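Have a look at the structure below before the remarks.
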Amino acid sequence: MDLEYQIPITISIVGAGPGDPELLTVKAVKRIQKADIILYDNLISSEILDLTSSNAKKIYVGRKYGDVEDAMKRQDTIHELFFKYAQEGKKIVRLKSGDSFIYGRVAEEIRFLTQKNIPFEVIPGITAGIAAANSQHIPLTERNKTNSVLFCTGHTATYDLEQLEALANMLKTGTTLIMYMGYKNLKEVITTFKKITPDETLYISAISKVSQEDETIFSGTLDEMEEKLEIKTVPMPVVFILGKYAFPIDHNPIKIVQENEY
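Numbering of the sequence shown is given in the UniProt record's numbering, commencing with residue 1 and proceeding in unit increments.
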């Protein structure tokens with residue numbers, strides 16, 4: 001398919017945040033309300049989609065956990081939709097959960113738009129890890145305690161665990177980790193971290209359904225969380241915050257989620 005762009009129009013790539021529409025930027029709301037076409041990912045809340053015009057066409061282009069559809073085929077479909085609706089002179093919003101540049105696969109889309117000379121803008125959003133730290137009062141950095149924070153995943157792109165030892169060593173120096181896509185490998189993550197940091201007391205907070213009414217936190221030491229996860233299931237989606245001080249500052253660090261919440 002020959003995709004040579006002819007008609008100038010702006011495509012807005014919008015970070016939708018973790019789900020609460022009140023966490024959207026003012027610019028994001030304006031673009032969503034004025035869009036003719038909404039291409040939206042998984043985890044975009046119905047409340048955010050309700051901000052669209054009644055005449056807007058909403059097209060789901062996301063990927064759910066466990067989806068086996070070919071990723072390249074899905075991405076090609078998104079590119080074709082960009083081109084099709086840009087040719088028609090539509091106002092297009094590409095709606096991504098969290099922030100587009102934090103595990104949002106936005107680079108491929110920007111390269112395509114740049115190659116085809118399609119004008120675009122990127123509007124930042126609040127990524128789930130930052131939102132979780134704020135809502136649960138978990139300091140990611142703090143004077144004289146931790147001066148760095150790292151975004152990471154629970155596995156590499158090839159789904160191996162080779163990065164875990166390096167991450168564990170960073171925890172020993174006081175770095176705080178915000179881990180996405182880590183639930184499937186959480187037991188391996190905890191086992192590796194305990195092996196590499198036997199003399200450290202490290203905490204892990206698992207924040208489920210960030211910014212939603214039923215947001216929940218599991219928090220404790222690695223040993224406590226390992227034990228708790230044997231009898232509890234953390235509702236998806238979930239983001240993990242790990243480190244020497246990765247617990248709510250206004251709660252007992254060994255407190256786990258209240259039993260009456262499940």
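Cβ coordinates follow ideal geometry from the N, Cα and C atoms, glycine included. Computed from a prediction, not measured in an experiment: that's the story for all the values here.
Would you kindly work out how many angstroms separate the C-alpha atoms of residue i and residue j, rounded to a whole number?
| i | j | result |
| --- | --- | --- |
| residue 243 | residue 87 | 49 Å |
| residue 233 | residue 31 | 37 Å |
| residue 25 | residue 10 | 18 Å |
| residue 52 | residue 46 | 10 Å |
| residue 187 | residue 164 | 12 Å |
| residue 72 | residue 61 | 12 Å |
| residue 207 | residue 219 | 8 Å |
| residue 133 | residue 139 | 7 Å |
| residue 228 | residue 221 | 10 Å |
| residue 209 | residue 161 | 25 Å |
| residue 167 | residue 145 | 18 Å |
| residue 150 | residue 124 | 18 Å |
| residue 21 | residue 43 | 12 Å |
| residue 39 | residue 236 | 23 Å |
| residue 194 | residue 104 | 30 Å |
| residue 152 | residue 127 | 13 Å |
| residue 77 | residue 200 | 48 Å |
| residue 59 | residue 169 | 43 Å |
| residue 212 | residue 13 | 23 Å |
| residue 48 | residue 217 | 24 Å |
| residue 81 | residue 102 | 23 Å |
| residue 110 | residue 119 | 10 Å |
| residue 29 | residue 106 | 20 Å |
| residue 55 | residue 251 | 47 Å |
For residue i, count the other beta carbons within 10 Å of its own beta carbon; 16 or more makes it buried, fewer makes it exposed. Which is it?
| i | result |
| --- | --- |
| residue 136 | buried |
| residue 185 | buried |
| residue 241 | buried |
| residue 96 | buried |
| residue 179 | buried |
| residue 230 | exposed |
| residue 173 | exposed |
| residue 41 | buried |
| residue 114 | exposed |
| residue 154 | buried |
| residue 19 | buried |
| residue 98 | buried |
Give me the Cβ distance between residue i and residue j, rounded to the nearest whole Å; I'm assuming they're in contact under 8 Å.
| i | j | result |
| --- | --- | --- |
| residue 50 | residue 91 | Their Cβ separation, rounded to whole angstroms, is 18 Å, which puts residue 50 and residue 91 out of contact at 8 Å. |
| residue 17 | residue 100 | About 11 Å separates the two Cβ atoms, so there is no contact after all. |
| residue 202 | residue 131 | Rounded, the Cβ-Cβ distance is 22 Å, inconsistent with contact. |
| residue 171 | residue 197 | 6 Å |
| residue 108 | residue 75 | 6 Å |
Return the bridge partner residues of residue i from the DSSP annotation.
| i | result |
| --- | --- |
| residue 263 | Outside the displayed range of the chain (1 to 262) lies residue 263, so it cannot be described from this structure. |
| residue 94 | 13 and 39 |
| residue 121 | 12 |
| residue 243 | 203 |
| residue 59 | 39 |
| residue 238 | 208 |
Is there a Cβ of chain D sitting closer than 8 Å to that of residue i, yes or no?
| i | result |
| --- | --- |
| residue 82 | The structure shown contains no chain D, having only a single protein chain. |
Return the chain-ordered list of same chain residues with a C-beta closer than 7 Å to the C-beta of residue i, the five sequence neighbours on each side being excluded.
| i | result |
| --- | --- |
| residue 142 | 245 |
| residue 238 | 183, 206, 207 and 208 |
| residue 27 | 123 |
| residue 189 | 154, 164 and 182 |
Could you pull out every residue in the same chain whose Cβ sits closer than 6 Å to the Cβ of residue i, ignoring the five residues on either side in sequence?
| i | result |
| --- | --- |
| residue 248 | 136, 137 and 138 |
| residue 215 | 209 |
| residue 112 | 79 |
| residue 129 | 178 and 239 |
| residue 225 | 204 |
Apart from the five residues on each side of it in sequence, which residues of its chain come closer than 8 Å, Cβ to Cβ, to residue i?
| i | result |
| --- | --- |
| residue 84 | none |
Beta carbon of residue i: closer than 7 Å to some heavy atom of the ligand ADP?
| i | result |
| --- | --- |
| residue 124 | Only the bare structure without any ligand can be found here, which leaves the ligand ADP out of the picture. |
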